[in-house]
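Under my numbering, think of the first position of the sequence shown as 1, with each following residue one higher.
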Amino acid sequence: MYSSKAYSATSEKSPLASTTIARRDPTENDVQIEILFCGICHSDLHQVRNEWSGVMPTVYPCVPGHEIVGRVTKVGPAVTKFKVGDIAAVGCLVDSDGTCPECKESLEQFCPNLILTYNFPDKHTGGVTYGGYSDSIVVTERFVLKVPSNLDLAGAAPLLCAGITTFSPLHHWGVAKGKKVGVVGLGGLGHMGVKFAHALGAHVVLFTTSPNKKEDALRLGADEVVVSRNADEVAKHAGSFDFILDAVSADHDINVYLNLLRRDGNICLVGAPEKPLSVAAFNLLFGRRSLSGSPIGGIAETQEMLDFCGRNNITADVEIIPIQKVNEAYERLVKADVKYRFVIDMASLKSGT
Ligand code: NAP
Ligand code: ZN
1 MYSSKAYSAT
11 SEKSPLASTT
21 IARRDPTEND
31 VQIEILFCGI
41 CHSDLHQVRN
51 EWSGVMPTVY
61 PCVPGHEIVG
71 RVTKVGPAVT
81 KFKVGDIAAV
91 GCLVDSDGTC
101 PECKESLEQF
111 CPNLILTYNF
121 PDKHTGGVTY
131 GGYSDSIVVT
141 ERFVLKVPSN
151 LDLAGAAPLL
161 CAGITTFSPL
171 HHWGVAKGKK
181 VGVVGLGGLG
191 HMGVKFAHAL
201 GAHVVLFTTS
211 PNKKEDALRL
221 GADEVVVSRN
231 ADEVAKHAGS
241 FDFILDAVSA
251 DHDINVYLNL
261 LRRDGNICLV
271 GAPEKPLSVA
281 AFNLLFGRRS
291 LSGSPIGGIA
301 ETQEMLDFCG
311 RNNITADVEI
321 IPIQKVNEAY
331 ERLVKADVKY
341 RFVIDMASLK
351 SGT
């Protein structure tokens with residue numbers, strides 16, 4: 001074991017603060033990574049504040065962060081894909097059983113024994129996994145990804161969660177040229193959803209509660225922008241969407257969006273608000289519409305998404321912050337004041353406390 005600098009929360013009420021954590025020394029198949037950048041996902045905030053206590057109660061101290069890009073500092077003797085000095089990335093998954101039917105189909109996100117990057121049992125340390133708000137991490141090679149060399153590293157970090165979480169359902173639901181696609185919420189996930197849906201050739205309509213994000217949404221690839229608090233503007237799109245991606249982090253009325261779907265249209269939740277959403281049955285019955293959800297993505301698809309981003313020059317729009325500003329960034333996230341992903345420059349962890 002060795003010690004690593006990190007930021008952790010010690011309770012749901014406490015801010016994140018500087019600490020030291022124990023990491024395992026790299027074993028046979030492990031890659032040790034010096035973390036250069038780590039994105040701030042709204043899921044980090046939900047977990048730090050124990051807002052998902054019913055499904056995934058938070059174990060404290062909690063070191064969040066699952067949008068990790070860094071440089072390889074050590075590899076175990078059996079590692080073949082990485083060498084010291086390579087750029088490497090880690091997303092939301094750090095392990096799975098590798099033997100179940102889901103893993104065999106490269107769908108590790110559905111493995112009954114999956115291990116998430118933080119707040120999951122860590123068989124190596126006996127504690128819980130610690131995420132990327134840290135200067136270093138050790139991950140088994142199977143869960144380490146390659147970043148195309150043309151991508152900016154800070155802008156690439158959010159691809160590891162916001163990127164794959166939006167890319168995967170857009171593919172699964174057949175978003176392509178000729179489809180009308182809605183994206184709800186222009187935050188970290190939403191802005192990647194807009195970029196991907198646009199790159200796939202769909203007609204993209206962005207729904208936002210923030211009128212000041214309108215210009216940006218058009219620049220990011222939306223064909224139309226609707227301020228969702230304006231019911232008349234929303235109603236103009238009734239019954240017209242093939243697919244809607246809902247990336248909202250807080251309580252909201254999804255019946256509004258169900259009514260915008262055409263026959264057999266689908267709305268997929270990627271947002272994970274704290275409280276259950278209510279659905280009026282008739283909004284599904286009429287038009288045989290469906291409501292679905294989608295969690296992150298498997299490792300093969302994450303690499304596919306990164307390669308797609310390399311080919312199409314896609315990265316997140318980021319605001320780079322020192323780790324000392326992380327609590328301020330959380331306050332801004334709650335207010336939807338993010339353009340469009342905070343990314344921590346981990347060099348700040350070395351210099352400050
Ligand atoms: P984020 O950057 O904070 O963006 C959320 C956006 O939702 C806001 O920017 C805002 O967009 C909109 N919003 C916020 N409050 C709202 C309200 N009361 N009513 C309507 N819209 C509201 O969050 P994120 O990191 O993109 O994450 C979004 C959600 O996805 C979170 O719940 C997160 O936990 C979840 N998530 C799920 C997965 C998965 O595997 N499915 C993976 C990562 C994250 P506008 O200003 O445009 O309205
Ligand atoms: Zn995330």
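Where a beta carbon is used, it is the ideal one built from N, C-alpha and C, also for glycine.
Item, Value
"Beta-carbon separation (whole angstroms), Ile323 vs Leu93, contact threshold 8 Å", "With a Cβ gap of about 23 Å, Ile323 and Leu93 do not count as contacting."
"Val248 CB to nearest heavy atom of ligand 1 below 7 Å", "yes"
"Identified DSSP bridge partners for Leu261", "Phe241"
"Other residues of its chain near Gln47: CB distance less than 8 Å, five sequence neighbours each side excluded", "Met56, Thr58, Cys62, Pro64, Tyr118 and Asn119"
"Touch test, the segment 200-210 against the segment 161-180, Cβ-Cβ under 8 Å, three pairs minimum", "yes"
"DSSP bridge partner residues for Pro322 (one or two, in chain order)", "Asp345"
"Top-ranked residue by Cα proximity to Glu233, from Ser249, Val256 and Ala250", "Val256"
"Alpha-carbon to alpha-carbon, Asp242 and Lys179", "6 Å"
"Ser290 and Asn327 closer than 8 Å at C-beta", "no"
"Range of the contiguous alpha helix (DSSP H) that encloses Thr117", "That residue, Thr117, is in no alpha helix (DSSP H); it is neither H nor E in DSSP."
"Asp135 beta carbon less than 8 Å from that of Met346", "yes"
"Stretch-stretch touch, CB-based, cutoff 8 Å, three pairs: the segment 203-217 with the segment 269-278", "no"
"Lys81 classed as buried or exposed, judged by whether at least 16 other C-beta atoms fall within 10 angstroms", "exposed"
"Check: Ser355 C-beta below 7 Å from any heavy atom of ligand 2", "With the chain represented from 1 up to 353, any question about residue 355 goes unanswered, as that position is not in the structure."
"The segment 139-149 in contact with the segment 26-35 per 3-pair CB rule at 8 Å", "yes"
"Contiguous beta strand (DSSP E) assignments of at least 3 residues, all confined to the segment 248-323", "261-269, 290-293 and 318-322"
"Within 8 Å, strictly: CB atoms of Ala88 and Arg341", "no"
"Three or more C-beta pairs below 8 Å linking the segment 153-170 and the segment 189-197", "yes"
"Proximity to Val69 [Cα-Cα], best of Gly131, Lys275 and Leu245", "Gly131"
"Cross-strand partners of Glu34 (DSSP beta bridge)", "Arg71 and Ser136"
"Stretch-stretch touch, CB-based, cutoff 8 Å, three pairs: the segment 308-324 with the segment 145-156", "yes"
"CA-to-CA distance, Pro148 to Lys350, given in whole angstroms", "26 Å"
"Between the CA atoms of Leu218 and Leu260 - distance to the nearest angstrom", "20 Å"
"Rounded straight-line distance, which links the Cα of Leu170 to that of Ser14", "37 Å"
"Residues bridged to Phe143 (per DSSP)", "According to DSSP, which records beta bridges pairwise, Phe143 is partnered with nothing at all."
"Beta-carbon gap between Leu258 and Leu284 smaller than 8 Å", "yes"
"Top-ranked residue by Cα proximity to Arg263, from Val279, Ala250, Pro276 and Ser240", "Ser240"
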